[in-house]
Amino acid sequence: MAYKFKTINIDKIHVNILNPRYEPQEDELKEMDLIVSQGKILELIKDIAQYGLDPSENLIVSYDEKLGVYVADEGNRRVTAVKILNDPDITPHFTRNRDKFIRQVKKIKEKFSYSNIKEINCVIIDDEGIKHHFIELKHTGENKGAGRLNWDTESKVRFQSTDAFRKYLLEFLKGIHPEIRDNFGLTTIERIISDPDMRDAIGLTMDRKNQKITLINDNSKQKLYFILDGLLTKKFNVNTFRHKKDRQKFAQEYLLNNEHQPWKELYIETITNKDNQTTKNNEKIVPAQNNLNQNNYKESSSQKDLFNQNDWDKVNSNQDNRDQDSSDKNNSNRDESLTGNFNQASESNNDKINKDNGRKTSGRPPKDIRDFDILTKAIPFKNQYRKNSRINQILKEISQINYKENPVSAMYLIRSILETYVHEYIDYFASLDRHHQYKMKNIPPQREKRKKSLRELIFDDIYNHLKNVIQDYANTYELIYVTFTDNNKASAMQIINYYIHSGTHYPDQSELLEAWSKISTVIETLDELLAKNAGQK
């Protein structure tokens, strides 16, 4: 072999006074002075203090028998930077603005809590021709493809996008597992979430371009926590997920086995252990929650435990209060109950339940809405607008299907009725004369020319039309603002689309009721406006 690798003490490595970057110098200090003065060394010092030496780049050194030290043939700036970081006072005394430079280095060391680098990985190349060849390739451009090819603009953008996503991913994972630190390796977890089957098994959607990850429900969070915990404790490693077949085996064994759910057991055990810990003030330590749960699940998270018993009691107690003034349609002081599951706008569904079920407050207690097998009985909706036969048929099917026994079909129907109403609404109001007070502007009346997604049509166009043109139905457009925003990683459309396209999962009872609660509120407004303006028949 023409070369060998060796880890060498930094004190045994000298800066090369014959460094090709500059004219030959008399001694090492003068060479270091040139590097400090002309070599943009401060940024390199900062980078090494923060990240360490590039592990993919070994120094190329040769042994000087007369001096009894190694001399850097390649990497003199790195050697200089490390020496000065280890001891800023080693900066040559004749260096210009020396005191200022030393102060800057000491601030960098303090900022990044730098620990001295004592040894550096090196490669010793005996053959001068081979050594010259590799140094030349590194510093003289592409060399017809044998050297390093510079990235074009598109390549740089792609890389920067990837780098930005990795930063986002790390922060996201910190919100899932409190033991994740800045030095957590992302390669394995990226391999996992880049596999669509693994994403489906976890219950996760990912958008690298927009740096966004969505956990579809609380089970998804628990599964991801389980994987992260296994990586942290070395129960799992890169080989667990290396190949497609390995990931498929993992998913079947741990994530998709309804008889054995270690991810749920681990999560419950972790939360229980944390609940049992107390602070010095004898206050319970609240487990760190995922940022998604704190911030993005305000309106809804479609998780299986979304509605606890207290929540349902509040829904049913609202039925008992139906004799209160129900004309306050846009009352902003409505009870904002249900801990984020129904917001102010969807409160109207409880009023709907109260009025349409027509139950008395005395005698037999009202039926729990979870006891209904039909969505339109649990949360009533009847259309006034009858001109669209597709709407009529979808509502007929929703009113007949047992959603508990047919959850996938029910979710398809919910999305279908929403989409049909949205386009019917835009068809009518966008086609009005441009002088009409209710004209919907900046959107084509022809469906085939609309390039926006369903969520965008609702969030951008219908929201704006209700708020700024119709100037009514505040509950509805406020609900739209929260429920259909792209920033809400648990938005209604993301959850609905997840179950529509999932190859493994299907919604449960609470998720379907949650979806129908919100969607029926929106379409009830669209239906009323269509009936008033486009006619009932």
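First residue of the sequence shown: 3, per my numbering; consecutive thereafter. We treat Cβ as the ideally placed atom computed from N, Cα and C, and that holds for glycine. A quick note: this is a predicted structure, and the numbers were derived from the prediction, not measured.
Based on the DSSP output, what are the partners of residue i in its beta bridges?
| i | result |
| --- | --- |
| E76 | I62 |
| L206 | L217 |
| K6 | I126 |
| V71 | D66 |
| E121 | N11 |
Once DSSP output is grouped into helix, strand and coil, what is the label at residue i?
| i | result |
| --- | --- |
| V17 | coil |
| Y116 | coil |
| E255 | helix |
| K223 | helix |
| K453 | coil |
| I482 | helix |
| H245 | coil |
| N88 | helix |
| F383 | coil |
| A148 | coil |
| Y508 | coil |
| L268 | helix |
| Y170 | helix |
| I464 | helix |
| T235 | coil |
| E138 | helix |
| M200 | helix |
| H503 | helix |
| N470 | helix |
| K443 | coil |
| E181 | coil |
| E261 | coil |
| Q311 | The pLDDT assigned to Q311 is 38, lower than 50, so where the model puts this residue is not dependable; a value taken from the coordinates is nonetheless given after this. Three-state result, Q311: helix. |
| Q27 | coil |
| Q106 | helix |
| G143 | coil |
| Q448 | coil |
| T378 | helix |
| K211 | coil |
| T97 | coil |
| T487 | coil |
| D435 | coil |
| F228 | helix |
| R388 | coil |
| D370 | coil |
How would you write the range of the alpha helix (DSSP H) that residue i sits in, first residue to last?
| i | result |
| --- | --- |
| P409 | P409 to A432 |
| V524 | Q511 to N535 |
| E399 | S391 to I400 |
| E30 | E30 to Q40 |
| Y405 | Looking at the DSSP string, Y405 is not in any alpha helix (DSSP H), and its letter there is neither H nor E. |
| Y53 | I43 to Y53 |
| E192 | T189 to I195 |
I want to check one thing, is the minimum distance from the CB of residue i to the heavy atoms of the ligand SAM below 7 angstroms?
| i | result |
| --- | --- |
| I472 | Absence of the ligand SAM from the depicted structure is noted, as is the absence of any ligand whatsoever, leaving it without description. |
Please classify residue i as buried or exposed, where buried requires at least 16 neighbouring CB atoms within 10 angstroms.
| i | result |
| --- | --- |
| N385 | buried |
| P509 | buried |
| A74 | buried |
| Y77 | Checking the displayed sequence, the identity of residue 77 turns out to be Gly instead of Tyr. When all chains shown are included, G77 counts as buried. |
| K246 | exposed |
| T523 | buried |
| V240 | exposed |
| R457 | buried |
| N221 | buried |
| G205 | buried |
| R80 | buried |
| N470 | exposed |
| P198 | exposed |
| K102 | exposed |
Please check the pair residue i and residue j, which I expect to be a contact at CB under 8 angstroms, by giving their CB distance rounded to whole angstroms.
| i | j | result |
| --- | --- | --- |
| R417 | I502 | 6 angstroms |
| A51 | K111 | 6 angstroms |
| I62 | V107 | Not a contact, Cβ separation roughly 26 angstroms. |
| L268 | D231 | 6 angstroms |
| Y387 | D529 | 5 angstroms |
| I419 | I525 | 6 angstroms |
| L55 | I119 | 7 angstroms |
| I137 | Y500 | In fact, because the Cβ distance is near 53 angstroms, the residues do not count as touching under 8 angstroms. |
| L377 | Y423 | That pair is no contact at about 15 angstroms. |
| D463 | I445 | 5 angstroms |
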